[in-house]
Amino acid sequence: MANESKPKLKMAVYWGAACGGCCVSVLDVHEALFTVTEHADLVFWPIALDTKYKDVEAMPDGHIDLTLFNGAVRNSENEHIAHLLRKKSKIMVAYGSCSHMGGIPGLANFSNKEDLLRRVYDECESTSNPDKVRPQEHYQVKEGTLEIPHFYKDVMTLDQIIDVDYYLPGCPPQTERLVEVFLAIVQNKPLPPKGSVIGTTGLAQCEECTRKKSDNRSVKKIFRPWEIDDDGETCFMDQGVICMGPATVGGCGVRCVKGNAPCRGCYGPLPEVTDMGAKIMSTVGTMIDIEDEAEIEKVISNIVDPAGTFYRFSLPSAKIRRKIK
Amino acid sequence: MKRYTIDPITRLEGHGKIEIFTNDEGDVENVYFQVPELRGFEKFVEGRAVEELPQIVTKICGVCPGCHHMASGKALDGVFGVEPTLTAKMIRELFYMAHFVHSHIAHFYALGAPDFVVGPTAPAAERNVLGVIAKVGKEIGTEVIKQRRIAQEIQALIGGHQTHVMMNVPGGVRKGLKEEERKDIVEKAKGFVEFSKFSLQLFEDVVLKNPAYVDVILNGPYSLKIHSMGLVDENNKVNFYDGKVRVVNVDGKELFKYSNTEYREYIEERVEPWTYLKFPYLKKVGWKGFTEGNDSGVYQATPLSRLNAADGMATPLAHEAYEKMYSTLGGKPVHNTLAMHWARLVELLYSSERALELASIPEICGTDLRNKMYQTPKEGVGIVEAQRGTLTHHYMTDEKGIVVKANLIVGTTNNNAPITMSIKKAAQGLIKKGVTVDDGILNMVEMAFRAYDPCFSCATHSLPGNMPLEVIIRDNEGNVKQQFKRK
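If you're matching them up, the sequences are chains A and B in order. Just so it is clear: in the first sequence, position 83 is 99 by the numbering used here, and no numbers are missing. Just so it is clear: in the second sequence, position 451 is 469 by the numbering used here, and no numbers are missing.
Structure below.
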C-alpha cells in the first residue's frame, strides 16, 4: 500500500517523433504496473490519460517529479511540448533511442527537408500530385484557417532542445531497466550525476553475448548477413558480418543477436565514447587480417552503407550531423 | 459560422486534430480531420542495404511493428527473386497470427468495448477498460490481460523481440522452431480459440441483446457506403499473410483482384494541403472527392471490409461467426461502421484457429529455414493485411541491393478519407440546431473513428480507451465564446 506520509511520485510520459514502441515498453511492465501505480501517479500520458496540454500549462513549475520523454524532435509541436515539460519537471529523462540520439527517424538527416517532402508528396510511385500540392502550416479553407505544425529541416535529439537530466536508452528500452530505475527513484536511492546514461551495464554488448569469440580475429572479407550461413553460435564479427555490439553499451540483454540478427546499436555508445561510428570503425580495422593497405581498403569498401549502419540510431547526435545541401 | 476545435486528441498513436464547422443555425457544414505528423520513411530508407529494411520499418509503428516487418520481408523476397521455404512461410504466418490475436484483443477490450459494455453516454470516468472490468468482473479482466500477454510471448519467441521483431531474411527466417516450443504454442493457441469464442459470446450478450445498441449500429449516423478492400486466398477466403487484394463495390460485386506487383495500376494517392497524411483511392475509378457510392474512388481497408471483400473465412468456427454476422445484419456487404467491432472479433477467432492449425503441423519445426537461390537484387512488393488495413511495401534497389526508392501505403492511410467522412457524418447526425453539445455527444462523434482502430491510435491498444475532447467555440473573429472540456 502507498505510504501515507510520503506523497506519491508525479510522473509524465510523452512522445515526440516516435513510433509508440517506447510507450508500449512502459505498458509491458505487466504486473509491475501495480507497483508503479502504488508509488506514482501518472499525471500526463497522452497514450493513456485525458490530461491536456492546457492542464500541463496550468501546473506549477517543477510540479512533475519525473518525465520520460520518448521520440525525437521533428516539428514545432514536439519542441513546444519539450520546453513546457522541462519547465514543469524536476527530473527529465530522455527515454529511448530517438530522444537520446535521434533514433531511426534521425536517418532523415542524411537527406534534407525539401528532398524528403518531394519524395513523399511528389514522387512516390502511387502518388498523383500534378499540382505539386504540399501540406501547409496555415491553410485557408472557405470555413476558416487550418493549421498543422512546422516540419523542421533537421531531426534533433532532446538534449539539443532542452536540458536533460538522464538518458535511458534503447529501441525500445528493456522494460526491466525502466522498473529498476523507477524503483531506485521511489526508494530514495542516491541518484547518479546529472547527465548520466542509466539503465545500462556500462560494458560492451560483447560482454554479455554468448556467441563464441576468437581472441585473434582474422577476417579476410566482409559479408552481408544473408551472404553467410550463420551457425547461430559464432560471433558475427568472426564470421565477417558487421555487428555494432563492440561499440554498443549493454542493457538490452543482447536481444537481437539472440534472435540471430547482428546488433545495430540502439542502446548507444560505450561510456566515454561520443561517436559510435568512429568507435566501430576502429574495431573493424583491428579485425581485418590483411597486411597490404590497398587490400584493406578493398575489404573496407565491401561494407555497404557504412554511415547508415554505423550511425543507424545515432546520426542526429553524431559529429557528422547532416547533409548540408 | 461556429468552429469546434478538437485538439489535441489524446490516446492516439501520434497526434490528431478535428475541426468541425457549423453554420449559424448550428448544423454541421464541414469537418476536417488533420494528421499533423510526418517522418518520411520513404526517403530515409534510400541508401540503406535492403536486407536492413525489415528491421528499420518496424520503427514506423511500435504497436503493429510485426505488420511492417512482414510486408518488408515479403518485399525482400521479391527483391532477391526467391520464394520462402514452406517451413519459413509457416513460421512467419504463425508469428503473424499471434500478432493479430494480441492486437485485436487489445483493441476490442480497451478501446471498443467501453462504448458498448459500459455505454456510449456513460460517465467518461467509467468509460475505459477499467470500467469494462468493473462491469464484466475482475476474473475476465485478468483473462484479457493474460491472453494478450501470451500472444506477445509467442511473438517474442518466434520474432526475436516482443516489440521490434527481426525474424525475416530474404527467402525465409533467421530462426527455427523447436518441437517443445511448437507443442507449447499448440496449448496456448487452444486458449486463444476458447477466449475468442468467449469474446464473441460477450459481444452477443452485451451488444446484440440490447435493442438500443443494435439500433445505434444499424440506424445511427455510422454508415458509409464505400468500396471494400481485403486480401483473399485462392478460394476468396480472408487471409492476412498472403494472397491477392480483392476490392468489391458498394453492392458487394467484385471490381477487381490484384497481386502485389500490380498495386500501382489500382491504387493512387492524393495530397491535400491541410494534412500531412495522403488520401489513397481506387485509381481506376479516380478521385471524386469525399463522396460515397459506386462512383466514388474512396474505399475502406478494415476488418469489416476484409469480410465484405471475401467469400468467407478459411477456418470452421470463424466461418460460422462470419455467417452469423451477415445474417444478423441483413446480408452482405455491411456498411455500418460500428460492425467493424464485430468483424474484428470474427477475425480474432480466425487468427486463433489458424494459429492452432499452423502450430499443429509438425513440419513447422523443419530446418529448411531459408531459400538461398538469390537472384541479383532488383525490385519487390510485399502486401499483407495489417490489423488496420492492407499494407503495401515496395522497394527498388541497385544490383548490389542498395535501396534506390521505396514506396509505402500503410494500413490506416487507406482509411484516411473514410475516417474523415465518418467523423463528418457522425458530427452532422449528432451536432444540430438546438442540441446541447455534451460529453455523450462528443463520445458518439468519437465512436465514428474509433471503430477503424486507426494506427495513429494503435499505441492505445492496451489502455483505458476514452479519448478526452476539448471543444472551443469561437466567433468569426476567432474569439473564444464557449469552452467545453470532457475529461
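We put the beta carbon where it would ideally sit given N, CA and C, even for glycine. Model, not experiment: these values are computed from the prediction.
- As DSSP reads the structure, residue 304 (chain A) sits in a beta bridge with A:235.
- For the pair residue 52 (chain A) and residue 167 (chain A), the CB atoms are not nearer than the 9 angstroms cut-off.
- Chain B has no Cβ within less than 9 angstroms of the Cβ of residue 263 (chain A).
- The three-state secondary structure of residue 297 (chain B), taken from DSSP, is strand.
- Between residue 98 (chain A) and residue 131 (chain B), the alpha-carbon positions lie close to 34 angstroms from each other.
- The alpha-carbon of residue 184 (chain B) is positioned some 30 angstroms away from that of residue 323 (chain B).
- Residue 58 (chain A) places its beta carbon less than 9 angstroms from that of residue 28 (chain A).
- A direct Cα-Cα distance of roughly 10 angstroms separates residue 95 (chain B) from residue 69 (chain B).
- The alpha-carbon of residue 218 (chain B) is positioned some 12 angstroms away from that of residue 122 (chain B).
- Per the C-alpha coordinates, the member of B:158, B:200 and B:340 positioned closest to residue 109 (chain B) is B:200.
- The straight-line gap separating the alpha-carbon atoms of residue 150 (chain B) and residue 159 (chain B) is approximately 8 angstroms.
- C-alpha of residue 430 (chain B) to C-alpha of residue 349 (chain B): approximately 26 angstroms in a straight line.
- Scanning chain A for C-beta atoms nearer than 9 angstroms to the C-beta of residue 50 (chain B) yields 157, 159 and 162, reported in chain order.
- Listed as beta-bridge partners of residue 31 (chain A) by DSSP are A:86.
- Against chain A, the beta carbon of residue 79 (chain B) has neighbours under 7 angstroms at 35 and 36, listed in chain order.
- Measuring C-alpha to C-alpha distances from residue 80 (chain B) to each of B:170, B:387 and B:51 identifies B:170 as the nearest.
- In the structure shown, the three-state DSSP call for residue 460 (chain B) is helix.
- By the 16-neighbour rule on beta-carbons within 10 angstroms, residue 230 (chain B) is exposed.
- Using a Cβ-Cβ cut-off of 9 angstroms, residue 292 (chain B) counts as an interface residue toward chain A, since at least one Cβ of chain A sits closer than that to its own.
- Secondary structure of residue 206 (chain A) (DSSP, three-state): coil.
- Residue ranges of uninterrupted alpha helix (DSSP H) with 4 or more members, entirely inside the region 347-433 of chain B and ordered along the chain, are 357-377 and 429-432.
- If the five residues before and after residue 467 (chain B) are omitted, its C-beta is found closer than 7 angstroms to the C-beta atoms of 437, 440 and 441, all from its own chain and listed in chain order.
- Residue 96 (chain A): member of the alpha helix (DSSP H) spanning 92-104, first to last residue.
- Selection A:179, A:135, A:236 and A:41 evaluated against residue 306 (chain A) yields A:236 as nearest (Cα-Cα).
- Straight-line measurement puts the Cα of residue 290 (chain B) at about 13 angstroms from the Cα of residue 163 (chain A).
- Residue 249 (chain B) has B:263 as its beta-bridge partners, per DSSP.
- Going by beta carbons, residue 118 (chain A) and residue 173 (chain A) fall inside the 9 angstroms limit.
- For residue 439 (chain B), no CB of chain A lies under 9 angstroms from its own CB, so it is not counted at the interface with that chain.
- The Cβ atoms of residue 246 (chain B) and residue 265 (chain B) sit closer than 9 angstroms to each other.
- Burial is judged here by how many other beta carbons sit within 10 angstroms of a residue's own beta carbon; residue 391 (chain B) has fewer than 16 and is exposed.
- Sequence-distant partners of residue 353 (chain B) (beyond 5 residues in either direction) whose C-beta falls short of 8 angstroms from its own C-beta, in its chain, are 241, 242, 243, 244 and 268.
- Contact holds between the region 194-212 of chain B and the region 166-182 of chain B, because three or more Cβ pairs, one in each stretch, are under 8 angstroms apart.
- Considering only beta carbons, the part of the region 264-285 of chain B lying closer than 8 angstroms to chain A consists of 281, 282 and 285, in chain order.
- Cβ contact annotation for residue 420 (chain B) (same chain, cutoff 8 angstroms, sequence separation greater than five): 65, 66, 67 and 68, in chain order.
- Annotation: residue 234 (chain B) is outside any beta strand (DSSP E); the continuous alpha helix (DSSP H) that includes it extends over 229-237.
- The Cβ neighbour count for residue 333 (chain B), taken over all protein chains shown within 10 Å, is at least 16; the residue is labelled buried.
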